[in-house]
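No gaps in the numbering here: position 173 of the sequence shown is 209 in this note's numbering, and each next residue is one more. Glycine included, every Cβ here is placed at the ideal spot set by N, Cα and C. These numbers were taken from a predicted model, which means no experiment stands behind them. Written below as structure tokens is the structure these notes are about.
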Amino acid sequence: MQITFQLFHSKLKMVKSLLLFLSLILTFEAVSQPVMDCNSKTVRDSLVDIFEKKASKYGFNHPHWEATWDSLLTICPNIAEAYHEKAMPYIRNGDYAKAFEFEEKAVDLDPKRWIAYYAFMNCIFSKNYEKALIEFDRAEKLVPNASVMDHTYSFYRGISYLELQEFDRAEVEFLKDIRQQRRGNETNDIHFNSLLYLGIVYSEMKEFDKAEKYFRDCLQQYEQLPEANYYLALTLKIVGNRDSDLYFDKAKQYFSEGYKINEPTEMFVNYPRQISAQEFAVKN
Numbered sequence: 037m038q039i040t041f042q043l044f045h046s047k048l049k050m051v052k053s054l055l056l057f058l059s060l061i062l063t064f065e066a067v068s069q070p071v072m073d074c075n076s077k078t079v080r081d082s083l084v085d086i087f088e089k090k091a092s093k094y095g096f097n098h099p100h101w102e103a104t105w106d107s108l109l110t111i112c113p114n115i116a117e118a119y120h121e122k123a124m125p126y127i128r129n130g131d132y133a134k135a136f137e138f139e140e141k142a143v144d145l146d147p148k149r150w151i152a153y154y155a156f157m158n159c160i161f162s163k164n165y166e167k168a169l170i171e172f173d174r175a176e177k178l179v180p181n182a183s184v185m186d187h188t189y190s191f192y193r194g195i196s197y198l199e200l201q202e203f204d205r206a207e208v209e210f211l212k213d214i215r216q217q218r219r220g221n222e223t224n225d226i227h228f229n230s231l232l233y234l235g236i237v238y239s240e241m242k243e244f245d246k247a248e249k250y251f252r253d254c255l256q257q258y259e260q261l262p263e264a265n266y267y268l269a270l271t272l273k274i275v276g277n278r279d280s281d282l283y284f285d286k287a288k289q290y291f292s293e294g295y296k297i298n299e300p301t302e303m304f305v306n307y308p309r310q311i312s313a314q315e316f317a318v319k320n
């Protein structure tokens, strides 16, 4: 029995030694693995650069695009840009409900960076103008006097009020937009679409002299813009100016030649008051 006890004791010591050895190995491996500090902006930005290169090999419509960003989120679930990038295929395919789900997550994680884009999405894509105004107010508080997608916040607020038939407010916003672009220098060029939309506002307000002025100013910046030619033609027709047919023909010509409103996302969505072939069919 003493021999049996000694044998048992010896085996127990071997088991304990083995467990200690395994514990040391696991501890060493845990210590040797670099700890990813997901709260570090430098770390997050570096990871985004790495995974952006991976995703770019596939393109938006490839399943690996979203899977790549999902892989990043398993490492650091607090990277807002990953959710924004996950939204891109859904934006382009018109699944705005899914896109907004991801964009809202991006805003939750990094509101200063993504709130303005979210507001832009509400204005241009979902055409939820009341929501757009609310979100641009939030953006203004977080990042005042800034811009998104080539335009000031006031530009999009102007569009929102225009589409809500609040023309006085739309006028105020577009004039503010123009002031911001000038930055105190009257010689600074103004974005042609700011001039276009302000002209449309004045046309709605039946201030046709002002409407004509801004449409002509717009054409000074972009002569081939179909919308500026089209809305100028309508304005001139209302006031009895025979040049209306000339500008209508120009609008039709430039439209058929492929000239467009020239906004970054125009290939995925129609902008408010953007014309189509239907306008010319009605005229004919």
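Item                                                                                                                                                                     : Value
Which residue comes first and which comes last in the alpha helix (DSSP H) that contains residue 296?                                                                    : From DSSP, residue 296 is part of no alpha helix (DSSP H); its letter is neither H nor E.
Whose C-beta lies closer than 7 Å to the C-beta of residue 315 among residues of the same chain, with five residues either side of it excluded?                          : 266
Please classify residue 235 as buried or exposed, where buried requires at least 16 other C-beta atoms within 10 Å of its C-beta.                                        : buried
Determine the extent of the alpha helix (DSSP H) in which residue 84 is found, giving its start and end residues.                                                        : 77-92
Touch check for the region 296-305 and the region 267-285: three-plus C-beta pairs under 8 Å?                                                                            : no
For residue 162, I'd like the list of residues in its chain whose CB is within less than 8 Å of its CB, leaving aside the five on either flank, ordered along the chain. : 132 and 136
At which residues does the alpha helix (DSSP H) containing residue 243 begin and terminate?                                                                              : Here residue 243 belongs to no alpha helix (DSSP H), and DSSP marks it neither H nor E.
Kindly indicate which three-state DSSP category residue 271 falls into: helix, strand or coil?                                                                           : helix
DSSP on residue 120, reduced to helix/strand/coil?                                                                                                                       : helix
Take residue 312 and list the residues in its own chain whose beta-carbon comes closer than 8 Å to its own, dropping the five residues that flank it on each side.       : 306
Could you check the C-alpha separation between residue 287 and residue 275 for me, to the nearest Å?                                                                     : 19 Å
I need the boundaries of the alpha helix (DSSP H) containing residue 154, first residue and last residue.                                                                : 147-160
Using the Cα positions of residue 230 and residue 72, report the straight-line distance between them to the nearest angstrom.                                            : 45 Å
Measuring CB atoms only, is the region 122-129 touching the region 147-154, in the sense that at least three cross pairs come out at less than 8 Å?                      : no
Pick out whichever of 145, 242, 115 and 183 has its Cα sitting closest to the Cα of residue 213.                                                                         : 183
Consult DSSP for residue 188 and reduce its assignment to one of helix, strand or coil.                                                                                  : strand
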